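Colleague:
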DNA sequence: TTGTAGGCGTTATCAA
DNA sequence: TTGATAACGCCTACAA
């Protein structure tokens, strides 16, 4: 840093004590005379003073930084949640962003970083994994964070011992399956995403549950990344097989979008040659054609809820888990 | 905040001085005996110590926070740049995110906030406007930030007196126009975005320049927001007119995507009924059909360049302005 | 209402 | 190598 104007300089210039200067620049309001107040304000303006937020945080023993950790800010799912969370954090705090690039170590690293930053709260969005050792370490780190007075909110599975916004992946995927069978689909494929991601697993299981309730089961399941390219690749692989299923469920929308690209690329058509369904209802869907059948999750609400819990002043007597249900929306991509 | 373990506690437990503890936990390495080092490390681990980054920043007189200010993190243009910037900031610093929701006051507010945070650098991405008063105020705030030792990098127009990553909007839009005429398009419309946004203006002007070099000019120009919905609305308006142009240029891709939706909605087809071109080449384009003609900007590179300049240690003798040229890419949406 | 002084958690200087 | 001790910039009883 360079030469910063300090409060002491402002005080000196205004001819008042440090304490008085502090009070007007920030203090508990109206306990300082109008004359002095003005002098201080003038001095601050002339000098171009800006309070040092670090020093304030040290002196006060707290900060108004909220940490947000997401796997990938380019993925619409996360950017919607982030934007919504931002909305509620912004008026009274600053947001520190961390992206893990979908790597677990990063997740852990950010918890530590945010703790070092004495962030007042931490919002961790993204799926938990089957790596129990990692989940345990993460939960421990989070417990320490909480113990030191911070608030933590998870968006995803309830595995961290923190307040959680919990999408009902399983139940909603099941609803989707039922609706699809209802619509007359007979054979199914699943683009299952990574086997290690709980979100992906839950959705696959829910979907399978729904099918089996109607005496069916997926004819084919392909695993891949939880991304657009993952969907593309998985669908390509699936289409190379002998018999294509009539309807393919991708465990999230970006994968479904990639899958549709794969279909198009082979000169096939959705839904005539193969129907496609996704999950999340990201805003991007407005512009995919044919319109994509999916499960609508109130993404923005989820972001706002998470942020609200994070910003809550209450020490939070009890851990809160907010279940969020999704709604199956049938659109053209699964028309028969 | 709650009860945090302090370095003093660690020192006491390890039976060493504060200074020694500080040295091992962070210090300039290997100036402390192995015995003591181990004792301190052990104590720190047992107590679950994490350094207080605020206190460190105060004591050191500098921080490693980099502020990133974007209009809207949901817009692919910005999220790509943000993600790329993140990539280079991450290894050695933390990123504080600000979204202005496309409001100027917010922009100004963030500069102040970042200054309060004693951010080591500030990256401001987004278009400048025709509001000269605001631009001047912003430039002043930025000058103060710089004067106090911070680094500022703008991505957009070179109006802030800061290091700048400057896309060649005008020249590239002109190239696009020439290419379109070359391809045989005769009549043109322009979805011009907001009249107050310099980026939008430059692109409109460049496009118009290109046309006039071929003895043509836009038959119709419609202004709207710089967003998907803005594009949708503007195109709707345009299609309501008597005679549609054969080719419509939207000043950015998200607008073009909205415009294509408007076309589709009226039962018309791109490019048969009306050709559409955009600008930016956001990743999302991979999945729009028909594929969209646009100007490719190296978005990720721009983000990385901005971050690199921001992270540079050098006091930066000279202000740097990096010009980035775009490349016109003709795709199906303007096929004749 | 105003000022004095001690403290917040670290780093850094200077002896030892 | 180690340890006192003075900063760092600000807040906040407590006293005046």
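Residue numbers (the UniProt record's numbering), protein chains in the order written: chain A, 1 to 336; chain B, 1 to 336. All C-beta atoms in this analysis are idealised placements derived from N, C-alpha and C, irrespective of residue type, glycine included. If you're wondering where the values come from, they're calculated on a predicted model, not measured in any experiment.
To the nearest angstrom, how far is it from the Cα of residue 229/B to the Cα of residue 332/B?
Modeller: The residue you call residue 229/B lines up with position 229 of the second chain. The residue you call residue 332/B lines up with position 332 of the second chain. Rounded to the nearest angstrom, the two C-alpha atoms are 22 angstroms apart.
Colleague: Can you look up residue 31/A in the DSSP assignment and give me helix, strand or coil?
Modeller: Along the first chain, read from residue 1 onward, the residue named residue 31/A stands at position 31. Residue 31/A: coil per DSSP, three-state reduction.
Colleague: Identify whether residue 98/A lies in helix, strand or coil by the three-state DSSP scheme.
Modeller: Start at 1 with the first residue of the first chain, and residue 98/A comes out as number 98. Residue state, collapsed to three classes: strand.
Colleague: Does residue 194/A come out as helix, strand or coil in the three-state DSSP assignment?
Modeller: Against the first chain, residue 194/A aligns to sequence position 194. Of the three classes helix, strand and coil, the one that applies to residue 194/A here is coil, per DSSP.
Colleague: So the alpha helix (DSSP H) residue 228/B belongs to, where does it begin and stop?
Modeller: For the purposes of this step, residue 228/B is identified with residue 228 of the second chain, where counting begins at 1. That run of the alpha helix (DSSP H) goes 228 to 239.
Colleague: Along the region 145 to 168 of chain B, where does the CB come closer than 8 angstroms to a CB of chain A? Name the residues.
Modeller: Within the region 145 to 168 of chain B, the qualifying residues are 147, 148, 149 and 150.
Colleague: Sorted by chain position, which residues of the same chain lie with C-beta nearer than 8 angstroms to residue 37/B's C-beta, five sequence neighbours on each side aside?
Modeller: Taking the second chain and counting its residues from 1, one reaches residue 37/B at position 37. Taken in chain order, the residues that qualify are 24.
Colleague: Quick check on the burial criterion: 16 or more other C-beta atoms within 10 angstroms. Buried or exposed for residue 101/A?
Modeller: As a working note, residue 101/A is residue 101 in the first chain. Label assigned to residue 101/A: exposed.
Colleague: Is there contact between the region 302 to 316 of chain A and the region 267 to 286 of chain A, where contact requires at least three CB pairs shorter than 8 angstroms?
Modeller: Output reads no: the region 267 to 286 of chain A does not touch the region 302 to 316 of chain A.
Colleague: Based on the DSSP output, what are the partners of residue 254/A in its beta bridges?
Modeller: The count along the first chain starts at 1 and reaches residue 254/A at position 254. Paired residue(s): none; residue 254/A is not in a bridge.
Colleague: DSSP three-state label for residue 115/A, please.
Modeller: The residue you call residue 115/A lines up with position 115 of the first chain. Helix at residue 115/A.
Colleague: From the beta carbon of residue 7/A, is the nearest beta carbon of chain B less than 8 angstroms away?
Modeller: Taking the first residue of the first chain as position 1, residue 7/A is located at position 7. No, its Cβ sits nowhere closer than 8 angstroms to a Cβ of chain B.
Colleague: Closer than 7 angstroms, Cβ to Cβ, to anything on chain B: give me those residues from the region 50 to 69 of chain A, in chain order.
Modeller: The residues in question are 50, 51, 52, 53, 54, 55, 57, 58, 61, 62 and 63.
Colleague: Is residue 102/A close to chain B? Criterion is C-beta to C-beta, closer than 8 angstroms.
Modeller: Position 102 of the first chain, counted from the first residue, corresponds to residue 102/A. So, not an interface residue.
Colleague: Cα separation between residue 106/B and residue 162/B?
Modeller: Start at 1 with the first residue of the second chain, and residue 106/B comes out as number 106. Start at 1 with the first residue of the second chain, and residue 162/B comes out as number 162. In a straight line, the C-alpha of residue 106/B is about 19 angstroms away from that of residue 162/B.
Colleague: So, does the CB of residue 40/B fall closer than 8 angstroms to a CB anywhere in chain A?
Modeller: Taking the first residue of the second chain as position 1, residue 40/B is located at position 40. Judged by the 8 angstroms Cβ criterion, residue 40/B is not in contact with chain A.
Colleague: Is the CB of residue 79/A under 8 angstroms away from at least one CB in chain B?
Modeller: Along the first chain, one-based indexing puts residue 79/A at 79. Residue 79/A counts as touching chain B.
Colleague: Please list the residues of the region 264 to 290 of chain B that have a C-beta atom closer than 8 angstroms to any C-beta atom in chain A, keeping them in chain order.
Modeller: So the list reads 264, 283, 284, 286, 287, 288 and 289, given in the order they occur along the chain.
Colleague: Go through its chain and collect everything with a Cβ distance to residue 202/B's Cβ below 6 angstroms, but skip five positions before and after it.
Modeller: The residue you call residue 202/B lines up with position 202 of the second chain. Cβ within range, chain order: 169 and 170.
Colleague: Would you say residue 235/B and residue 191/B are within 8 angstroms of each other, going by their C-beta atoms?
Modeller: Here residue 235/B corresponds to residue number 235 of the second chain, with the count starting at 1. Here residue 191/B corresponds to residue number 191 of the second chain, with the count starting at 1. Contact flag set, yes.
Colleague: So, is the C-beta of residue 48/A closer than 8 angstroms to a C-beta in chain B?
Modeller: For the purposes of this step, residue 48/A is identified with residue 48 of the first chain, where counting begins at 1. So, interface residue.
Colleague: My understanding is that residue 193/A touches residue 232/A, with C-beta atoms under 8 angstroms, so please give their C-beta distance in whole angstroms.
Modeller: Taking the first residue of the first chain as 1, we reach residue 193/A at position 193. Taking the first residue of the first chain as 1, we reach residue 232/A at position 232. So it is not a contact: roughly 13 angstroms between Cβ atoms.
Colleague: Please report how far the alpha carbon of residue 292/A lies from the alpha carbon of residue 283/A, in whole angstroms.
Modeller: The count along the first chain starts at 1 and reaches residue 292/A at position 292. The count along the first chain starts at 1 and reaches residue 283/A at position 283. Near 11 angstroms, if we compare the C-alpha coordinates of residue 283/A and residue 292/A.
Colleague: Would you mind telling me which residues of chain A sit closer than 8 angstroms to residue 340/B, beta carbon to beta carbon, in chain order?
Modeller: Outside the displayed range of chain B (1 to 336) lies residue 340/B, so it cannot be described from this structure.
Colleague: Taking only the alpha-carbon atoms, compute the straight-line gap between residue 325/B and residue 140/A and give it to the nearest angstrom.
Modeller: Stepping through the second chain from its first residue, residue 325/B is reached at position 325. Stepping through the first chain from its first residue, residue 140/A is reached at position 140. Using only the alpha carbons, I get a separation of about 49 angstroms.
Colleague: Using the Cα positions of residue 76/B and residue 27/B, report the straight-line distance between them to the nearest angstrom.
Modeller: Counted from its first residue, the second chain places residue 76/B at position 76. Counted from its first residue, the second chain places residue 27/B at position 27. Residue 76/B and residue 27/B: Cα-Cα distance of roughly 41 angstroms.
Colleague: For a contact defined as C-beta to C-beta under 9 angstroms, what are the partners of residue 95/B on chain A?
Modeller: By 1-based counting over the second chain, the position of residue 95/B is 95. The contacting residues are 96, 97, 98 and 99.
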